[in-house]
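If you're matching positions, the sequence shown starts at 6 in our numbering and goes up one per residue.
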Amino acid sequence: MAEEFRLNLNIKKIKEVLKADVVQGKKLLSTKINGVYASDLVSDVLAYSKSGSVLLTGLCTKQVVISAYLSLFKAIIFIRGKKPNKEILEFAEEKNMIILLTENDMFEACVKIANADSNSISNFVKLIESVEKKNTIIRKFHIDGQDFSNSGLLSTQIKSILQNIGYDPYLIKRVSISAYEGEMNVVMHAKEANLILNANEKEIQIIIDDRGKGISDIELAMQKGYSTATEDQRVLGFGSGMGLPNIKKNSDELKISSEVGAGTKVEMKFYVIQE
Numbered sequence: 006m007a008e009e010f011r012l013n014l015n016i017k018k019i020k021e022v023l024k025a026d027v028v029q030g031k032k033l034l035s036t037k038i039n040g041v042y043a044s045d046l047v048s049d050v051l052a053y054s055k056s057g058s059v060l061l062t063g064l065c066t067k068q069v070v071i072s073a074y075l076s077l078f079k080a081i082i083f084i085r086g087k088k089p090n091k092e093i094l095e096f097a098e099e100k101n102m103i104i105l106l107t108e109n110d111m112f113e114a115c116v117k118i119a120n121a122d123s124n125s126i127s128n129f130v131k132l133i134e135s136v137e138k139k140n141t142i143i144r145k146f147h148i149d150g151q152d153f154s155n156s157g158l159l160s161t162q163i164k165s166i167l168q169n170i171g172y173d174p175y176l177i178k179r180v181s182i183s184a185y186e187g188e189m190n191v192v193m194h195a196k197e198a199n200l201i202l203n204a205n206e207k208e209i210q211i212i213i214d215d216r217g218k219g220i221s222d223i224e225l226a227m228q229k230g231y232s233t234a235t236e237d238q239r240v241l242g243f244g245s246g247m248g249l250p251n252i253k254k255n256s257d258e259l260k261i262s263s264e265v266g267a268g269t270k271v272e273m274k275f276y277v278i279q280e
């Protein structure tokens with residue numbers, strides 16, 4: 006269960022009330038925090054949309070820290086004595102994020118922080134995301150080639166965005182699968198790419214424009230089982246040759262254009278069925 010409450014405290018005060026250790030960001034103790042969000046689910050973290058908050062979590066993984074960074078959290082508090090590894094701390098330092106450690110569990114930490122601010126809601130409430138359904142939502146993302154450690158996070162974020170808007174679950178599943186396959190194609194075969202999500206009341210569109218080696222024979226690449234994955238990529242479980250076929254299967258429209266030595270552009274459309 007995810008919990009949220011608003012407040013107005015700085016990191017130094019939160020550190021004091023939790024008796025926490027600051028392992029990254031010791032020079033940032035004056036940073037103001039306007040909210041607390043507590044969750045042990047990566048999907049919840051990605052779905053959170055209020056910047057300037059602190060995340061309370063028992064999930065001590067790089068994926069959680071990346072998700073918190075993408076969702077504009079200013080700080081992360083690892084609860085129950087969890088300790089981040091060197092890779093996590095290096096990422097947090099690079100992104101100027103604050104990391105604290107506490108022995109408190111999630112409930113205890115929430116109570117202590119809430120009670121430290123007289124203006125906060127001491128009885129925290131269940132998180133209810135209120136996402137206004139506008140005519141169009143456009144989001145732009147970046148994908149780095151060969152970044153297998155973070156692969157899949159982008160498609161997870163897209164899924165959360167669509168869920169918050171309120172699209173049909175089956176439609177979201179189709180879009181998420183296609184986004185994942187497209188993301189993995191970039192990670193495996195390109196140097197980098199931009200992904201654009203364009204969603205409205207009539208359709209959802211995903212455009213992936215990469216910079217890489219390109220596809221010499223698109224018709225061949227569309228065949229099930231055809232793959233140019235390296236042996237190292239196959240060892241990791243990738244390279245089944247089902248990426249583009251799965252995108253074609255799940256999308257209502259698919260357009261692929263490519264230039265060898267330059268890159269590939271994949272455009273997918275998914276129709277929203279009006280009830």
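Quick reminder that beta carbons are idealized off the backbone N, C-alpha and C, glycines included. Given the structure is predicted, the values throughout are model-derived calculations rather than measurements.
Item to complete: Could you tell me the boundaries of the alpha helix (DSSP H) in which residue 2 lies?
Response: Only positions 6 to 280 of the chain appear in this structure, which leaves residue 2 out of reach.
Discussion item. Please tell me whether residue 206 and residue 277 are closer than 8 Å, where the distance is taken between their beta carbons.
Written reply: yes
Item to complete: Tell me whether the beta-carbon of residue 42 lies closer than 8 Å to the beta-carbon of residue 58.
Response: yes
Worksheet entry | Status (buried if at least 16 other CB within 10 Å, exposed otherwise) for residue 162 | buried
Item to complete: Under the assumption that residue 266 contacts residue 216 (Cβ atoms under 8 Å), give the Cβ distance between them as a whole number of angstroms.
Response: So it is not a contact: roughly 10 Å between Cβ atoms.
Worksheet entry | Nonlocal neighbours in the same chain, by C-beta distance under 8 Å from residue 192, ignoring five residues either side | Cβ neighbours of residue 192 beyond the five flanking positions: 148, 149, 150, 151, 152, 153, 156.
Worksheet item: Helix, strand or coil for residue 141 per DSSP?
Response: Note: residue 141 maps to strand in three-state DSSP.
Worksheet entry | Delimiting residues of the alpha helix (DSSP H) encompassing residue 162 | 158 to 170
Worksheet item: So what's residue 270 in DSSP terms, helix, strand or just coil?
Response: In this structure, DSSP gives residue 270 an extended state, which the three-state scheme calls strand.
Worksheet item: In this structure, does DSSP put residue 173 in helix, strand or coil?
Response: coil
Practice prompt. Please classify residue 110: is it buried, with 16 or more other beta-carbons within 10 angstroms of its beta-carbon, or exposed?
Written response: exposed
Worksheet item: Using the C-alpha atoms, what's the distance from residue 60 back to residue 106?
Response: In this structure, the straight-line span from the alpha carbon of residue 106 to that of residue 60 is close to 12 Å.
Item to complete: With DSSP collapsed to three states, give me the class of residue 187.
Response: Three-state DSSP puts residue 187 in a helix.
Worksheet item: So what does residue 147 bridge to, in DSSP terms?
Response: 199
Item to complete: Output the distance between the C-alpha atoms of residue 234 and residue 194, rounded to the nearest integer angstrom.
Response: 8 Å
Item to complete: Report the rounded CA-to-CA distance for residue 188 versus residue 275, giving the unit in angstroms.
Response: 17 Å
Item to complete: With residue 263 as the anchor, note down where its alpha helix (DSSP H) starts and where it stops.
Response: Run containing residue 263: none in the alpha helix (DSSP H); it sits in the beta strand (DSSP E), 258 to 264.
Worksheet item: What does a CB cutoff of less than 7 Å around residue 247 pick up in its chain, not counting 5 residues either side in sequence?
Response: 229
Discussion item. Let me check understanding here. Comparing Cα to Cα, which of 87, 102, 181, 52 lies closest to residue 70?
Written reply: Closest by alpha carbon: 102.
Discussion item. Between the alpha carbons of residue 38 and residue 17, how many angstroms are there, rounded?
Written reply: Straight-line Cα distance between these residues: approximately 10 Å.
Worksheet item: What's the call for residue 2, buried or exposed, on a 16-neighbour Cβ count within 10 Å?
Response: This structure leaves residue 2 out entirely; the chain is present only between 6 and 280.
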